[in-house]
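**Q** For reference, the structure I am asking about is given below.
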Amino acid sequence: MKSAFLLLVFLAVSQGLLRIPLMRGKSARRLLEEKGLFEEYRRLFPYNPAAKFLPRIEQSVVPMTFDPDTTYYGEIGIGTPPQLFKVLFDTGSSDLWVPSVSCNNSACDSHVKFNSSASSTFQAGAKPFYISYNSGFAAGSTGYDTIKISDLYVENQLFGLTNTEALFLGSVPWDGILGLAFPSMSLEGGTPIFDNIWNQGKIPQYMFSMYLSSSVEGSMLILGGTDPTYYTGSISWIPLYQATNFWNIQMQSITINGNTVACSGSCAAIVDSGTSLIIGPSEDIDNINGWLGAFPDQNGNADVSCSNINLLPNIVFNINGYTFSLTPSVYIIKSASECNTGFAAGTSWILGEVFMRQFYTVFDVGNNMVGFAQAV
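Numbering-wise (full-length UniProt numbering), the sequence shown opens with residue 1 and increments by one.
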């Protein structure tokens, strides 16, 4: 009787979930390598994934950086009738923005542009929209319109419309960004779309979760709860660390074969679907890559021999009393010509796509927690 009741509860909750399929497109790195432009872009736009998490002096600026390896995106509709866009669902930012038809530089030319005059529900906003980069910037305006996400319509949602963009955005596989961090991080001055969905009572729980597959298809963003289809075992819950606007947690250490190789004595880490790799302080990352026998190439990647991958050790992240083990098949990234580790140097720890492919990740807004479970 008890098991039957729990099944009914699960079915009732799961029926209210919103599922957004995510595609894994061709990365900017691969597209630029095919054109022989990657090294030039690397020089023009230095890789600094921690930029968007740094303290902001000017609140109208959204820090961003060129991440050539982000690949996941989903589809939303904006306006009436809906104009379809591919967006990066980013837990490291809180705003929604897409290119507008007013954008006429080469970066926008490779993406879908929003035409406000073609939407009967569009209303112009009064505030400008800025996105800053290490080199160059994007700028535009704001507006309000109906957003279609899965089978749900969110009315009067504030979003940004760019009319100029940095060159590197022309090579990313998505058109714009939909932020899933906390409302206090929004620089557009409005309520983020996920919070509007919750406030309107359209999802059963104040949480969302992500499953990132290694395949082109099969990844999923789930709004309103979790789906056991995508993980095995139980979810390990970790409270958010310190009062920040990000999905920030505390790690105790990172070990290889029982030896602490990084994050000695604990460290903070941001869980970010908008970052492709696992980022950490250079000394720690160099130590991890050293243990793996990796050596830097001309592009700053940590290369390993593709023939030795099965001999590499697991890397264990010790978090809140739980152990999360990454196997070599997860943290080694293979391309047509080489194999690289999924670890890169930065100013702080960020657990990006490489970590999230191994662990189904739950973002519990209502209880200020992150949950990890072994992905299927």
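Virtual Cβ for every residue (Gly too), placed ideally from N, Cα, C.
Give me the Cα-Cα distance between Ser-213 and Thr-71, rounded to the nearest whole angstrom.
**A** 11 angstroms
**Q** So within the region 201 to 282, which uninterrupted beta strand (DSSP E) runs reach at least 3 residues, ignoring any that extend past its ends?
**A** 207 to 211, 219 to 223, 231 to 239, 248 to 251, 253 to 256, 259 to 262, 267 to 271, 278 to 281
**Q** Which partner residues does Glu-75 have in the DSSP bridge list?
**A** Lys-86
**Q** Excluding sequence positions up to five away, which residues of its chain have a Cβ less than 6 angstroms from the Cβ of Asn-105?
**A** Thr-164
**Q** Just to confirm before moving on: does the CB-CB distance between Gly-189 and Gln-205 stay below 8 angstroms?
**A** Contact: no.
**Q** Contact defined as beta carbons within less than 8 angstroms: I believe Ala-262 pairs with Asn-287. What is the distance between those atoms, to the nearest angstrom?
**A** 6 angstroms
**Q** For Val-87 and Trp-174, which I take to be in contact (beta-carbon distance under 8 angstroms), what is that distance rounded to the nearest angstrom?
**A** 6 angstroms
**Q** How big is the Cα-Cα spacing for Glu-33 and Leu-44?
**A** 15 angstroms
**Q** Starting from Met-356, trace the beta strand (DSSP E) in both directions and tell me its first and last residue.
**A** From DSSP, Met-356 is part of no beta strand (DSSP E) but of the alpha helix (DSSP H) over 353 to 358.
**Q** Short check: CB of Val-354 to CB of Val-330, under 8 angstroms?
**A** Yes, the Cβ-Cβ distance between Val-354 and Val-330 is below 8 angstroms.
**Q** Residues in its own chain within less than 7 angstroms of Pro-296 by CB, not counting five upstream and five downstream?
**A** Ala-302
**Q** What residue from Thr-142, Gly-342, Ser-219, Leu-351 has the CA that sits closest to residue 377's CA?
**A** Any question about residue 377 goes unanswered here, given that the chain covers just 1 to 376.
**Q** Just to confirm the assignment, what range does the beta strand (DSSP E) spanning Lys-334 have?
**A** Here the beta strand (DSSP E) through Lys-334 covers 332 to 334.
**Q** Determine which residues share a DSSP beta bridge with Val-304 and list them.
**A** Answer is Cys-339.
**Q** Going by CA-CA distance only, name the one from Phe-159, Lys-202, Leu-221 that's closest to Leu-187.
**A** Phe-159
**Q** In this structure, how does DSSP classify Trp-97 when only helix, strand and coil are distinguished?
**A** Strand at Trp-97.
**Q** How about the region 358 to 376 and the region 276 to 295: do they share at least three Cβ pairs that are nearer than 8 angstroms?
**A** Under the 8 angstroms Cβ criterion, the region 358 to 376 does not count as touching the region 276 to 295, having fewer than three qualifying pairs.
**Q** Count the other CB atoms, across all protein chains shown, that sit within 10 Å of the CB of Cys-306; report buried if there are 16 or more and exposed otherwise.
**A** exposed
**Q** Over what stretch of residues does the alpha helix (DSSP H) that includes Asn-318 continue unbroken?
**A** Segment 315 to 319 is the beta strand (DSSP E) holding Asn-318; no alpha helix (DSSP H) there.
**Q** Tell me the rounded alpha-carbon separation between Phe-194 and Gly-293.
**A** 43 angstroms
**Q** What is the C-beta distance between Thr-121 and Thr-146, in whole angstroms, given that I count them as a contact (C-beta under 8 angstroms)?
**A** 5 angstroms
**Q** Just to confirm my understanding: we take Lys-202, look at its own chain, exclude 5 residues before and 5 after, and list those with CB closer than 7 angstroms. What are they?
**A** Leu-152
**Q** If you drop the 5 nearest sequence neighbours on each side, which residues of the same chain put their C-beta closer than 6 angstroms to that of Ile-149?
**A** Ile-76
**Q** Could you pull the DSSP bridge partners for Arg-24 from this structure?
**A** Arg-24 pairs with Tyr-72.
**Q** Does the region 224 to 239 come close enough to the region 317 to 326 that 3 or more CB-CB pairs lie under 8 angstroms?
**A** yes
**Q** Given a cut-off of 8 angstroms on the beta-carbon distance, is the pair Ser-110 and Asp-69 in contact?
**A** Going by C-beta atoms, Ser-110 is not nearer than 8 angstroms to Asp-69.
**Q** Kindly indicate the opening and closing residues of the alpha helix (DSSP H) around Pro-193.
**A** Inspection of the sequence shows that residue 193 is occupied by Ile rather than by Pro. From DSSP, the alpha helix (DSSP H) with Ile-193 extends over 193 to 199.
**Q** How would you write the range of the alpha helix (DSSP H) that Tyr-41 sits in, first residue to last?
**A** Secondary structure note for Tyr-41: its alpha helix (DSSP H) is the uninterrupted segment 38 to 44.
**Q** Would Pro-49 be called buried (16 or more neighbouring beta carbons within 10 Å of its own) or exposed?
**A** Classification of Pro-49: buried, given that the 10 Å Cβ count is 16 or more.
**Q** With which residues is Thr-323 paired in a DSSP beta bridge?
**A** Thr-323 is bridged to Asn-318.
**Q** Reducing DSSP to helix, strand and coil, say where Gly-155 ends up.
**A** The sequence given here places Glu at residue 155; Gly does not occur at that position. Glu-155 falls in the strand class under three-state DSSP.
**Q** Could you give the first and the last residue of the continuous alpha helix (DSSP H) run that contains Ala-107?
**A** 106 to 109
**Q** For Gly-176, count neighbouring Cβ atoms within 10 angstroms of its own Cβ and tell me buried if that reaches 16, exposed if not.
**A** Per the 10 Å Cβ criterion, buried.
**Q** For residue 414, which residues does DSSP report across the bridge?
**A** The question about residue 414 has no answer here: the residues shown for the chain are numbered 1 through 376.
**Q** Take the Cβ of Gly-346 as the centre, count every other Cβ of all protein chains shown within 10 Å, and call the residue buried at 16 or more, exposed below.
**A** buried
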